[in-house]
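Undergrad: This is the structure I want to talk about, given as structure tokens.
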Amino acid sequence: MKRQGLILIGGGGHCKACIDVIEAENRFRIVGVVDVKGKVGRKVLDYEIIGYDDDLPTLAESYGNFLVTIGQIKSPAVRISRFEFLKRVGAKLPVIISPNAYVSKHAVIGEGTIIMHRAVINAGARVGRNCIINTGAIIEHDAIIGDHCHVSTSAVINGGVRVGDRTFFGSNAVAKEAIEIGEDCIVGAGVSVMKSLKSGSLSKNR
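Add 4 to a position in the sequence shown, counting from 1, and you land on the number used in the working numbering.
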């Protein structure tokens, strides 16, 4: 079966990790990368940077599929702006799932989200749009992750937890079951979240 073309938005370190997942999934053919104007012509791994933001409307006419591969440390603003622009110009934003991840058939994954190697999404879980579920992260049964979230490497979101839009959940952090983490929260690496957090909260090890 002929693979559809896919263009990546953002050529940094997270892009490299996404490329590895896309190649392993083998569902799409990476056409190239969009980054800043001064980097056009360079390569990210084996893939050329073929344009910058001003080229997106034209690229969207020729290639239907895009993935935002800009990383999200704390603020998701840049990822959100690119995602929303692509939606406005009619681009498709497929879900990308590593073949080395486990995603229950009873889970729901929103458009433009990537599930990285060895992540687990269990039954009844819901993950929103334009999210990063990073390497080794666990989203347990019935947990709900909002749009534009990043659940970092080896983080654990236990059963029934609700995570609001645009929240960053750091590496090796753990959320106790059935709590609510509000929108726009930042949970630092290694933090154990034992009670609900209000929107905009910052939780980190002292």
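Every residue, glycine too, gets a C-beta built ideally from N, C-alpha and C.
Can the beta-carbon of V165 be found closer than 8 Å to that of A147?
TA: In the sequence shown, residue 165 corresponds to position 161, counting from 1. In the sequence shown, residue 147 corresponds to position 143, counting from 1. Between V165 and A147, the C-beta gap is smaller than 8 Å, which places the two residues in contact.
Undergrad: From the DSSP output, in three-state form, read off K47 for me.
TA: In the sequence shown, counting from the first residue as 1, residue 47 sits at position 43. Strand.
Undergrad: For Y106, collect the residues of the same chain with a Cβ closer than 6 Å to its Cβ; drop the 5 residues on either side in sequence, then sort them by chain order.
TA: Numbered from its first residue, the sequence shown carries residue 106 at position 102. Closer than 6 Å at Cβ, skipping near neighbours: V124.
Undergrad: Hey, out of A127, R122 and D151, whose CA is closest to G116's CA?
TA: In the sequence shown, counting from the first residue as 1, residue 116 sits at position 112. Cα-wise, what sits closest to G116 is D151.
Undergrad: Helix, strand or coil, according to DSSP, for V178 in the structure here?
TA: Sequence index remark: in the sequence shown, residue 178 carries index 174 (1-based). Looking at V178 - three-state DSSP - the assignment turns out to be strand.
Undergrad: Excluding the five sequence neighbours on either side, which residues of its own chain have a C-beta within less than 7 Å of the C-beta of I34, listed in chain order?
TA: Taking the sequence shown and counting its residues from 1, the one referred to as residue 34 is at position 30. Only L10, L12, I23, I26 and Y51 meet the Cβ criterion.
Undergrad: Keeping to the same chain, check which residues put their C-beta closer than 7 Å to that of V40; ignore five residues upstream and five downstream.
TA: Walking along the sequence shown from the start, residue 40 turns up at place 36. So the list reads Y56, once near-sequence residues are dropped.
Undergrad: Report the start-end ranges of each beta strand (DSSP E) in the segment 40-98 that is 3 residues or longer and not cut off at the edges.
TA: 51-55 and 69-72
Undergrad: By alpha-carbon positions, which one of A111, V155, N30 and G94 ends up nearest to V178?
TA: For the purposes of this step, residue 178 is taken as residue 174 along the sequence shown, with counting starting at 1. With distances taken between Cα atoms, V178 lies closest to V155.
Undergrad: Can you tell me where the alpha helix (DSSP H) with G17 in it begins and where it stops?
TA: Counting from 1 along the sequence shown, the entry for residue 17 is found at position 13. Counting along the chain, the alpha helix (DSSP H) containing G17 begins and ends at G17 to E29.
Undergrad: Here's the rule: buried if 16 or more other CB atoms are within 10 angstroms of the residue's CB, otherwise exposed. What is T139?
TA: Sequence index remark: in the sequence shown, residue 139 carries index 135 (1-based). Counting Cβ neighbours within 10 Å, T139 comes out buried, since at least 16 surround it.
Undergrad: Within 10 angstroms of the Cβ of T62, are there 16 or more other Cβ atoms? Answer buried if so, exposed if not.
TA: Position 58 of the sequence shown, counted from the first residue, corresponds to residue 62. Exposed, since its Cβ has fewer than 16 Cβ neighbours within 10 Å.
Undergrad: Check whether the segment 187-197 touches the segment 168-175, counting contact only when three or more Cβ pairs, one atom from each stretch, lie closer than 8 Å.
TA: yes
Undergrad: Have a look at the DSSP bridge pairing and note the partners of G9.
TA: Residue mapping note: residue 9 aligns to position 5 of the sequence shown, counting from 1. BP columns for G9 point to R33.
Undergrad: Could you have a look at E115 and say whether DSSP puts it in helix, strand or coil?
TA: Here the question's residue 115 lines up with position 111 in the sequence shown. DSSP places E115 in coil when its eight states are reduced to three.
Undergrad: Relative to the alpha-carbon of E144, which residue among N209, I183 and K208 has its alpha-carbon at the smallest distance?
TA: Taking the sequence shown and counting its residues from 1, the one referred to as residue 144 is at position 140. The shortest Cα separation from E144 among N209, I183 and K208 belongs to I183.
Undergrad: Can you give me the Cβ contacts of K43 inside the same chain, cut-off strictly under 6 Å, excluding the 5 residues immediately before and after it?
TA: Residue 43 sits at position 39 when you count from the first residue of the sequence shown. Taken in chain order, the residues that qualify are I53.
Undergrad: Hey, would you say I149 sits closer than 8 Å to V131, going by beta carbons?
TA: Numbered from its first residue, the sequence shown carries residue 149 at position 145. Numbered from its first residue, the sequence shown carries residue 131 at position 127. Cβ atoms of I149 and V131: closer than 8 Å.
Undergrad: V72 and F87 - do their beta-carbons sit closer together than 8 Å?
TA: Position 83 of the sequence shown, counted from the start, is the residue given in the question as residue 87. Position 68 of the sequence shown, counted from the start, is the residue given in the question as residue 72. In this structure, V72 lies closer than 8 Å to F87 by Cβ.
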